[in-house]
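No gaps in the numbering here: position 40 of the first sequence is 40 in UniProt numbering, and each next residue is one more.
Just below is one structure, and these are the notes that go with it.
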Amino acid sequence: MAFWLFKSEPDVWGWDQQTAKGDAGEEWHGVRNYQARNNMRAMKMGDRGFFYHSRSGLEIVGIVEVCAETHQDSTTDDARWDCVDIKAVRPFTTPVTLAQIKSDPRLQDMALVKSSRLSVQPVTDEEWAIVCALGHTNP
DNA sequence: GCCAACGTTGGC
DNA sequence: GCCAACGTTGGC
């Protein structure tokens, strides 16, 4: 199983809205960046991801799971853009802030630190375990 | 709200 | 195929 990180501006689509979708989940549509799309194409059913609030909040607030593999993005007819569906698994007991991540020497290679504009990012097994521990949350 | 960093577009 | 112009993202 692989791990990922999904970014969203909470003013547009936040953790509470994601949670409200329940196990049916929701399309992660709207991605118009090839690298982010390619990351979604690499995802498999059951892969897990962090849900991160960008622009305001600036913290990882929950864990999500891929519940549908990549398919056409329903918000466009352009066949270049497809996306997965994700559902909320559990919130973080303690959100892990960007400042915490930036100040942890073990997390300096995270895409969140190195390529801050990428909206769908891979996370390593090690990073997954460290961030979950920081948030006092089951992996 | 600003603006640096970055990705994309399109003229040549 | 280069690169200037432009648009968007996201931390501050």
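Note that CB positions come from ideal geometry on N, CA and C, so glycine has one too.
- With a 10 Å radius around the Cβ and a threshold of 16 neighbouring Cβ atoms, GLU9 comes out exposed.
- With contacts defined as CB atoms closer than 7 Å, PRO139 and CYS132 qualify as a contacting pair.
- No residue range can be given for LEU58, since it is assigned to no beta strand (DSSP E) and is classified by DSSP as neither H nor E.
- Annotated as distal: CYS67 and HIS29, with beta-carbon spacing of 7 Å or more.
- Taking C-alpha positions only, GLU27 is separated from ARG106 by approximately 32 Å.
- Apart from sequence neighbours up to five positions away, the residues of its chain that approach ARG37 with a beta-carbon distance below 6 Å are VAL31, ordered along the chain.
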